[in-house]
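Structure record follows, encoded as structure tokens.
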Amino acid sequence: MRYPWLRLGIFVLGCLFPCWWLYQAATNQLGPDLGKIIMDRLGLGALIFLLITLSMTPLQRLTGWSGWIVIRRQLGLWSFAYIVLHMITYMVFILGLDWGQFGVELRKRPYIIVGALAFLGLLALALTSNRYSQRRLGARWKKLHKLVYVILGLGLLHFLWIVRSDLKAWAIYASIGALLLLLRVPLVARRVPRLIGRRGRAV
Amino acid sequence: MLIKIARPSDCKASDITPEGIYLSRRTMLGASLAGAAVAALPGVALGAEPSRYADVEPGAAPGWFKDKLGATRWGAVTVENEAITPFKDATHYNNFYEFGTDKGDPAANAGSLKTEPWSLVVDGEVAKPGRYALEDFVKPYQLEERIYRLRCVEAWSMVIPWLGFSLAQVLKQVEPTSKARYLRFETLQDPKVMPGQRSSFALIDWPYVEGLRLDEAMNPLAILAVGMYGRELPNQNGAPLRLIVPWKYGFKSIKSIVRISLVAEQPQTTWERLAPTEYGFYANVNPTVDHPRWTQARERRLPSGLFSPNVRDTLMFNGYGDEVASLYSDLDLRKNY
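Taken in order, these protein sequences are the chains called A and B. If you're matching positions, the first sequence starts at 0 in numbering that gives the first Met the number 0 and goes up one per residue. If you're matching positions, the second sequence starts at 0 in numbering that gives the first Met the number 0 and goes up one per residue.
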């Protein structure tokens, strides 16, 4: 296994945040509506992990270092893990484990529908993230995992529809997401490494 | 003048022992830690001291407030079998977008708000319009403690002991003309001390505006509050003067009021202008009419713990149906949400 310490570091980091939030909750630092706060943080955490995952390929192209790609899968799986926890906290703290109400929400609320679709997408990617699936799916694997761009769009839409009045935070994450997608447009992607490459030779 | 409200949703002062036990237990715990358990108990038992609630941060009450506090009718309206939300939670989990959109922003940023001196304009369709210094405005009224449920449109709720006086009394003083059919309230606009009013990403048109129908404002439940938990209002809770209409979603209970206008036409309110499909003029608590983005059938009664999520059914008119349902007997509440 290459870069074992880097992988371990990211694993610890992924565990650290929810543990820190649990500690904060247990010591009354999250206020009276801690379930909602932890749910929001998990959702935002999943989005941030997704954005970090999507920046690995551009970073690899920019720097030429292969370590970025090595940790990409784990980062994506953290995004999935946070979304699973996000949904559990939603069921427990918002719906009070009322599954009938969950059925109603799934039919009636666009932001829940969009969020659920994004979850299903992440689930498909998580289930096929192992080497066995990569071998079995062959060329189709790459195609399937392009789904991540759709998931990012759905996630951002889900986030947008929760905003009540101030778009600042959303605008920041959406522009980072847009930039990461832009870097994948072939025309742009071809130019980026060339720019870095030239500078690299000059130094 | 005293307004006595005794309705089925109320209970007698003698029935509130569970809260008393709850509060004195907390006070005793805190006090015994400080080694002053014996000294602290009598004050709690008598229940007439400003420190009647546990863990209340003392404020810097203006002179007029201290003068009025002595004659307060404590427990004028109470709630049945419900624990009062801890002071810390009621003052550190707030929506007051003028100070930021996070729940902790108002507590962090509202310290800069200067509430003394404060002037209030009463104008429009009234026989006695005027600009009042706050202490003059509140002078005629006896303070009452009203313990009300507060239901936020975001599906969380609290139980808060307010100190205030009925809006109906104020209306009698200023004498609405025959043309007056609605009240329009306005919050302070001061971007220098209100960072939320400086945000270029905010979708809200400042100042914050709210409104009531005249008969709603005359309902004995509607009050103007100047205090909570036996002290003056903390800035983040809408100091120095705010509206409380407990059968409506929290955003109707406008904070830091600088202007009350009696008007002939239904005023356009801030949230109505921002998202008319989500927030109506009436905004009565109604478990059968959902917010388009989330259900209103249930609510999180705060504090809601990590291992004890406190999710409960939302009551029609927030449980105040006996007092207010008659106001809406000829209104389709589905259309007029």
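Beta carbons are placed, not taken as given, at the ideal position from N, Cα and C, and that holds for glycine.
Excluding the 5 residues preceding and the 5 following Thr127 of chain A in the sequence, name in chain order all residues of the same chain whose CB lies nearer than 7 Å to its CB.
-> As a working note, residue 127 of chain A is residue 128 in the first sequence. Cβ neighbours of Thr127 of chain A beyond the five flanking positions: Leu136, Trp140, Leu143.
Where the alpha helix (DSSP H) containing Arg135 of chain A begins and where it ends = To locate residue 135 of chain A, count along the first sequence from 1; it is residue 136. Its alpha helix (DSSP H) spans residues 130-136.
Identify every residue that forms a DSSP beta bridge with Ile146 of chain B.
-> By one-based count along the second sequence, residue 146 of chain B stands at place 147. DSSP lists B:Pro160 as partners of Ile146 of chain B.
Quick one, which of B:Thr100, B:Trp73, B:Pro105 has its alpha-carbon nearest Asp413 of chain B's?
-> Residue 413 of chain B is absent from the model: chain B starts at 0 and stops at 336.
Residues that Glu298 of chain B bridges to, as DSSP identifies them = Translated into the one-based positions of the second sequence, residue 298 of chain B becomes position 299. Beta-bridge pairing links Glu298 of chain B to B:Arg311.
Using a C-beta cutoff of 8 Å, does Thr313 of chain B count as contacting chain A?
-> Residue numbering aside, residue 313 of chain B sits at position 314 when the second sequence is read from its first letter. Chain A, which has no Cβ nearer than 8 Å to the Cβ of Thr313 of chain B, makes this no.
With a 10 Å radius around its C-beta and 16 neighbouring C-beta atoms as the bar for buried, classify Ile83 of chain B as buried or exposed.
-> Along the second sequence, read from residue 1 onward, the residue named residue 83 of chain B stands at position 84. The residue in question, Ile83 of chain B, is buried, as its Cβ has 16 or more Cβ neighbours within 10 Å.
Below-8 Å beta-carbon distance, Lys67 of chain B vs any chain A residue = The residue labelled residue 67 of chain B in the question sits at position 68 within the second sequence. Output row for Lys67 of chain B: interface = no.
8 Å Cβ cutoff, Ala33 of chain B in contact with chain A | Counting from one through the second sequence, the residue named residue 33 of chain B turns up at place 34. No answer about Ala33 of chain B holds up, because its pLDDT of 46 lies below 50 and its placement is not dependable.
Compare the C-beta of Tyr81 of chain A with all C-beta atoms of chain B and state if any pair is closer than 8 Å.
-> Taking the first residue of the first sequence as 1, we reach residue 81 of chain A at position 82. Judged by the 8 Å Cβ criterion, Tyr81 of chain A is not in contact with chain B.
Just by C-beta distance, which residues in the region 159-173 of chain A are closer than 9 Å to chain B?
-> Of all residues in the region 159-173 of chain A, the ones placed with a Cβ closer than 9 Å to any Cβ belonging to chain B are Trp160, Ile161, Val162, Arg163, Ser164, Asp165, Leu166, Lys167, Ala168, Trp169, Ala170, in chain order.
Measure the beta-carbon distance from Ile37 of chain A to Gly30 of chain A and round it to whole angstroms, keeping in mind my assumption that it falls under 8 Å.
-> Walking along the first sequence from the start, residue 37 of chain A turns up at place 38. Walking along the first sequence from the start, residue 30 of chain A turns up at place 31. Contact flag wrong, Cβ pair sits at about 11 Å.
Whole-number beta carbon distance between Leu76 of chain A and Trp67 of chain A, since they are thought to touch under 8 Å = Position 68 of the first sequence, counted from the first residue, corresponds to residue 67 of chain A. Position 77 of the first sequence, counted from the first residue, corresponds to residue 76 of chain A. With a Cβ gap of about 16 Å, Trp67 of chain A and Leu76 of chain A do not count as contacting.
Can you find at least 3 beta carbon pairs, one from the region 117-126 of chain B and one from the region 171-191 of chain B, that sit closer than 8 Å?
-> Under the three-pair Cβ rule at 8 Å, the region 117-126 of chain B counts as touching the region 171-191 of chain B.
Trp169 of chain A - containing alpha helix (DSSP H), residue span | Counting from 1 along the first sequence, the entry for residue 169 of chain A is found at position 170. Taken as a continuous stretch (DSSP letters only), the alpha helix (DSSP H) holding Trp169 of chain A covers 167-181.
What are the start and end residues of the alpha helix (DSSP H) that includes Thr269 of chain B?
-> If you number the second sequence from 1, residue 269 of chain B lands on position 270. 269-273 is the extent of the alpha helix (DSSP H) around Thr269 of chain B.
Does the Cβ of Lys102 of chain B have 16 or more other Cβ atoms within 10 Å, making it buried, or fewer, making it exposed?
-> Start at 1 with the first residue of the second sequence, and residue 102 of chain B comes out as number 103. Looking at its Cβ environment, which holds 16 or more other Cβ atoms inside 10 Å, Lys102 of chain B is buried.
What's the C-alpha gap between Ile259 of chain B and Trp155 of chain B?
-> Indexing the second sequence from 1 puts residue 259 of chain B at position 260. Indexing the second sequence from 1 puts residue 155 of chain B at position 156. Answer to the nearest angstrom: the Cα atoms are 28 Å apart.
Any 3 or more C-beta pairs closer than 8 Å across the region 250-268 of chain B and the region 199-213 of chain B | yes
So what does DSSP say about Lys247 of chain B, is it helix, strand or coil?
-> If you number the second sequence from 1, residue 247 of chain B lands on position 248. In the structure shown, Lys247 of chain B sits in a strand (DSSP, three-state: E or B).
Which of helix, strand or coil DSSP assigns to Thr186 of chain B = In the second sequence, residue 186 of chain B corresponds to position 187, counting from 1. Note: Thr186 of chain B maps to strand in three-state DSSP.
Span separating the alpha-carbon of Leu182 of chain B from that of Ile253 of chain B = One-based indexing of the second sequence puts residue 182 of chain B at position 183. One-based indexing of the second sequence puts residue 253 of chain B at position 254. Those two C-alpha atoms are separated by around 12 Å.
Sequence-distant residues of the same chain with beta carbon closer than 8 Å to Tyr2 of chain A, five excluded per side | By 1-based counting over the first sequence, the position of residue 2 of chain A is 3. Sequence-distant partners of Tyr2 of chain A (beyond 5 residues in either direction) whose C-beta falls short of 8 Å from its own C-beta, in its chain, are Gly66, Val69, Ile70.
Contacting residues, own chain, Cβ-Cβ under 6 Å from Gly42 of chain A (five flanking each side not counted) = Looking up residue 42 of chain A in the first sequence gives position 43. Contacts found: His85.
Does DSSP put Trp155 of chain B in a helix, a strand or coil?
-> What you label residue 155 of chain B is simply residue 156 of the second sequence in a count that begins at 1. Correct three-state label for Trp155 of chain B: strand.
For Tyr207 of chain B, decide whether its Cβ has a neighbour in chain A, counting only Cβ atoms nearer than 8 Å.
-> The residue you call residue 207 of chain B lines up with position 208 of the second sequence. No, Tyr207 of chain B lies away from the interface with chain A (no Cβ there is under 8 Å from its Cβ).
Helix, strand or coil for Asp289 of chain B, going by three-state DSSP, please let me know.
-> Start at 1 with the first residue of the second sequence, and residue 289 of chain B comes out as number 290. Here Asp289 of chain B sits in coil by DSSP.
So does the region 162-169 of chain B actually touch the region 290-308 of chain B, counting three or more Cβ pairs closer than 8 Å?
-> no
Quick one: does Ala201 of chain B have its CB under 8 Å from some CB of chain A?
-> Sequence index remark: in the second sequence, residue 201 of chain B carries index 202 (1-based). Judged by the 8 Å Cβ criterion, Ala201 of chain B is in contact with chain A.
With DSSP as the reference, please indicate the residues paired to Met227 of chain B in a beta bridge.
-> In the second sequence, counting from the first residue as 1, residue 227 of chain B sits at position 228. Looking at the DSSP output, Met227 of chain B sits in a beta bridge with B:Trp161, B:Arg230.
Top-ranked residue by Cα proximity to Asp289 of chain B, from A:Gly44, A:Glu104, A:Phe118 | For this step, residue 289 of chain B is matched to residue 290 along the second sequence. Comparing Cα positions, the closest option is A:Glu104.
What do you reckon, are the CB atoms on Val225 of chain B and Val120 of chain B nearer than 8 Å?
-> By 1-based counting over the second sequence, the position of residue 225 of chain B is 226. By 1-based counting over the second sequence, the position of residue 120 of chain B is 121. No; because the gap between Cβ atoms is not below 8 Å, this pair is not in contact.
Quick one, which of B:Lys67, B:Glu143, B:Leu170, B:Gln295 has its alpha-carbon nearest Thr77 of chain B's?
-> If you number the second sequence from 1, residue 77 of chain B lands on position 78. It is B:Glu143 whose Cα lies nearest to the Cα of Thr77 of chain B.
Candidates B:Arg311, B:Asp312, B:Leu232: which alpha carbon is nearest Gly110 of chain B's?
-> Against the second sequence, residue 110 of chain B aligns to sequence position 111. For the set B:Arg311, B:Asp312, B:Leu232, the Cα lying nearest the Cα of Gly110 of chain B is the one of B:Leu232.
Below 8 Å, can you find three or more Cβ-Cβ pairs linking the region 302-312 of chain B to the region 89-96 of chain A?
-> yes
Nearest-angstrom Cα distance between Thr269 of chain B and Tyr22 of chain A?
-> For the purposes of this step, residue 269 of chain B is identified with residue 270 of the second sequence, where counting begins at 1. For the purposes of this step, residue 22 of chain A is identified with residue 23 of the first sequence, where counting begins at 1. The straight-line gap from Cα to Cα measures roughly 38 Å.
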